[in-house]
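A short write-up of the structure that comes next.
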Amino acid sequence: MTELAGLLRIRVAVEAPQHSGLSGPLDYLSERALAPGSLVRVPLGRRELMGIVWPGESEGQVEASMLRPILAELEGLQPLSAAWCQLLEFAASYYQRSIGELALAVLPPQLRELDSAQLRARLKKLDKFLATPADASAPAPARPTLNPAQQQVLDELDALLNAARDRAPAPVLLYGITGSGKTEVYLRAAEHALAQGRQVLVLVPEINLTPQLEARFAERFGGLQADGAAGHRIVSLHSALTPAQRLRNWLAAHMGEADLVLGTRLAVFASMPRLGLIVVDEEHDPSYKQQDGARYSARDLAIYRAHQEKIPVILGSATPSLESWQKANEGRYKRLLLPGRIGGGALPRVRLFDMKRLPLSKGVTTALTAPLLEALRQRLARGEQSLIFLNRRGYAPVLHCAECNWKSDCPHCSAWRVFHKGDRTLRCHHCGFTERVPSACPTCGNQDIAPLGRGTERLEEQLQEQLPGARVLRIDADSSKHKGELEAQLAAVHSGEVDILVGTQMVTKGHDFRRITLVAAVNPDGALFSSDFRAPERLFALLMQAGGRAGRDAEAAARSEMWVQTWHPEHALYKSLQSHDFEAFAKSQLAERESAGLPPFAHLALLRAEARTVEAALGFLKAASAFAQALPEARGTLIYPAIPMSVARVANVERLQMLVEAGSRGDLQRLLWHWMPELHLLKREHKGVLRWAVDVDPLAI
Ligand code: ADP
Ligand code: ZN
Ligand code: ZN
């Protein structure tokens, strides 16, 4: 704030579109001082928008006479904290977005629409919500006695906190297989923070997993506490809430009324004035990375936030990301281990089934092999459940005419349209283009067009044919499109109404299915030869996670199996899987990454451009590259030639990308700061370019 002629110059972060090139807060005039972090309404062009009074001095380059006044302040709301503003400022700068765009985008959408009177009404409603106790009388159940490994982890956590005092404690990487008691450690750490009057933030990768975790936290903390104190307020924050729920929960956290916030990646930006602990469950999960707009990593921002607020952060996983694993190797994170399953249950025995030894006879499919069918029959006879994992939805990935070689390609994308038998459609999974299945080949009229390959729908059908009487259930994005469907399906599995569960990676995550004794991955090899260097890491995590679904019940664990049907049983990844040896896998992957100069030993950014023609996108990227190469700040970085993305054309738009590599984060950030602003100008010269974007620390290459 700077005074001038009785009016104050005030910085306000507004949602200016990124292409306007306005990346910092803008100056406005006000008659009175406004606390940083206050919400205000301001004019921008011909619009009137919500903005946030931003901390820090105005740079004051614009003549005061040119500035416009702040229209109104949103009254009755505690300003956003300086720490919150700092988190947003960091995130915006690191991921190359404008501050206002990011800061406004992470607030609940309804908040941006309210005036002071409407806010008052909302706060009154919130008071009512808070007045009804979460769980009036039910006392919290007794906590389990920690096992020695859990006790040791908590002792080390304590020691870490005591040693840190005024410094930020090192992030903790809690490494333990599924069922090793990680969640119990989160609960104890949360209890500690709550006892000190602090708030706790727990992040989970998937919305589907929030109810489950919420129930566990609610059971522990929601009810009457052992010392007679009232239960703690727990709220969730994720994109499946209604706008009104999201605002209510956000306000409860912001006002310090909610003690626990559980949420997906967007919750990392929750305003929590008394934050004392952050937990990131399944920290390796790719869902923590936002895939459009501001492409932030919620896990990485959680680490930044914990550091900035000098509070502990726990990253939990059975298969940590190689980034986190390497940081632990370097001693920058504290690795704590939970070595075995609670109750001593074993992990399932992993059987690598060599597809090359499968007799080639008619009727043999590469998914439902005779030995697998036999293993399924055994489970059926014993009344146990099986899970079959196939990461491809639909009936078949492509339809094919053997006469003329026609294939069901998408006219708008460089991809096949997938055959969905249920509604007899050919559907493009990239642009959504859908048509009814033709009854004959569209080019030669041959009536005999056939599906090639297999997705979950076809596998479901084949199971029903081969195992009549078995209750087969498929869970994937198609089967659970409608609200409530997934919950109902999962409940059916839990209550034992399902014998065989077929699904995509949706079924591998987190769910605690007690009666599963067989997990089969029928076609996982694709990821071994992917052009994306992270594909093996993801496959290993998925298979470990899928395997973790089996034998959760200690009694059944002894006869639990994980079955991997592969053409490459000798592959090191499968060998590590077989011995449940994440550490060996991580070691060999890290060695490969190091010698290839890949993350975590290098730092990457992707510059993407989309245009109607390849030439237009390429022209823009080439010019961008030439500009960057000439910058002195490009030192220490390497800019690769632009190449088409793996699905190059989607909805008639050509998509290209250019990889930027640097030895250090600093080098990469320096280049981006000097380079990105120029690209807004450059785009004006390249009219054919529809969009461009930068992805810092991209997950998918
Ligand atoms: P993870 O989060 O690593 O999968 P959980 O914390 O969910 O592991 O623990 C697995 C199961 O064991 C849960 O049902 C949990 O209630 C139970 N459990 C965890 N710790 C203990 C303990 N110390 N004593 C008894 N049961 C425990
Ligand atoms: Zn044909
Ligand atoms: Zn398409």
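Just add 632 to the spot in the sequence shown (first one is 1) and you have the numbering used here. C-beta: ideal position from N, C-alpha, C; glycine also. Please read these numbers as outputs of a predicted model, since none were measured by experiment.
Suppose contacts are defined by Cβ-Cβ distances below 9 Å. Is residue i in contact with residue j by that definition?
i, j, result
"HIS1143", "VAL1125", "yes"
"ASP891", "GLN831", "yes"
"ALA714", "PRO668", "yes"
"ASN840", "LYS1141", "yes"
"ALA1034", "ALA1082", "yes"
"VAL646", "MET682", "yes"
"SER812", "ALA781", "yes"
"LEU1160", "HIS1212", "no"
"VAL893", "SER868", "yes"
"VAL1050", "HIS1032", "no"
"ALA1260", "ALA1266", "yes"
So, for residue i: in the same chain, excluding its five sequence neighbours on each side, which residues have a beta-carbon less than 6 Å away from its beta-carbon?
i, result
"SER1208", "ALA1216 and PHE1217"
"VAL912", "LEU835, ARG931, ALA934 and LEU947"
"GLN1094", "LEU1000"
"MET633", "Because MET633 carries a pLDDT of 49, less than 50, the predicted location of this residue cannot be relied on, and no value is offered for it."
"ASP986", "PRO1201"
"ASP1327", "ARG927 and LEU1238"
"GLU689", "none"
Enumerate in chain order the residues of its own chain whose CB-to-CB distance from residue i is below 7 Å, with the five nearest sequence positions on each side excluded.
i, result
"GLN710", "HIS886 and MET887"
"GLN718", "GLN940"
"GLY1135", "PHE1021, THR1088, ARG1106, ILE1107 and ASP1108"
"ARG1086", "ALA999 and ALA1028"
Along the chain, where does the beta strand (DSSP E) containing residue i start, and where does it finish?
i, result
"CYS1033", "1030–1033"
"TYR660", "658–662"
"THR842", "Element bounds for THR842: not the beta strand (DSSP E) but the alpha helix (DSSP H), 842–849."
"GLY908", "907–912"
"HIS1052", "1050–1052"
"TYR807", "804–808"
If you measure from the CB of residue i, is any heavy atom of ligand 3 nearer than 8 Å?
i, result
"VAL646", "no"
"PHE1051", "no"
"ALA1280", "no"
"CYS1076", "no"
"PHE853", "no"
"HIS939", "no"
"GLY1064", "yes"
"ALA1283", "yes"
To which residues of the same chain is residue i closer than 8 Å at the C-beta, ignoring the five residues directly before and after it?
i, result
"LEU1270", "VAL1292, GLU1293 and ALA1294"
"GLY1350", "Past the boundaries of the shown model lies residue 1350; the chain is included only from 633 to 1333, so the question cannot be answered."
"LYS1315", "HIS651, PHE1252, VAL1321 and TRP1324"
"ILE1333", "SER1163, ASP1164, PHE1165, ARG1166, LEU1236, LEU1238 and LEU1291"
"PRO1074", "TRP1038"
"LEU884", "It is Ala, not Leu, that sits at residue 884 in the sequence shown. Counting only Cβ-Cβ distances below 8 Å, and skipping sequence neighbours, we find LEU758, PHE761, LEU762, ARG865, VAL867 and ALA890."
"ASP1157", "THR1198, TRP1199 and HIS1200"
Tell me whether residue i, by its Cβ, gets closer than 8 Å to a heavy atom of ligand 1.
i, result
"LYS1141", "no"
"ILE1148", "no"
"LEU720", "no"
"GLN831", "no"
"ILE684", "no"
With hydrogens ignored, establish whether the beta-carbon of residue i is closer than 8 Å to any heavy atom of ligand 2.
i, result
"TRP1048", "no"
"GLU1035", "yes"
Specify, as a first and last residue, the run of the alpha helix (DSSP H) that residue i falls within.
i, result
"LYS1315", "1297–1317"
"HIS939", "930–941"
"THR1088", "1088–1098"
"GLY1251", "1246–1261"
"PRO875", "875–886"
"ILE731", "731–737"
"GLY683", "No alpha helix (DSSP H) holds GLY683; the beta strand (DSSP E) holding it covers 679–685."
"ALA791", "780–796"
"GLU1286", "No alpha helix (DSSP H) contains GLU1286, which is instead part of the beta strand (DSSP E) from 1285–1294."
"THR896", "No alpha helix (DSSP H) holds THR896; DSSP gives it neither H nor E."
"LYS760", "748–763"
"ARG775", "First-last for ARG775: undefined, no H or E at that position."
"MET1138", "Unbroken run through MET1138: none, as it is neither H nor E."
"ALA1173", "1167–1179"
"HIS824", "814–827"
"PRO1003", "1002–1014"
"ALA1223", "1214–1228"
Would you mind giving the Cβ-Cβ distance between residue i and residue j, rounded to the nearest angstrom? I have them listed as a contact below 8 Å.
i, j, result
"LEU970", "GLY808", "3 Å"
"ILE1148", "ARG1181", "5 Å"
"VAL644", "VAL674", "5 Å"
"LEU734", "ALA723", "6 Å"
"ASP1041", "TRP1048", "6 Å"
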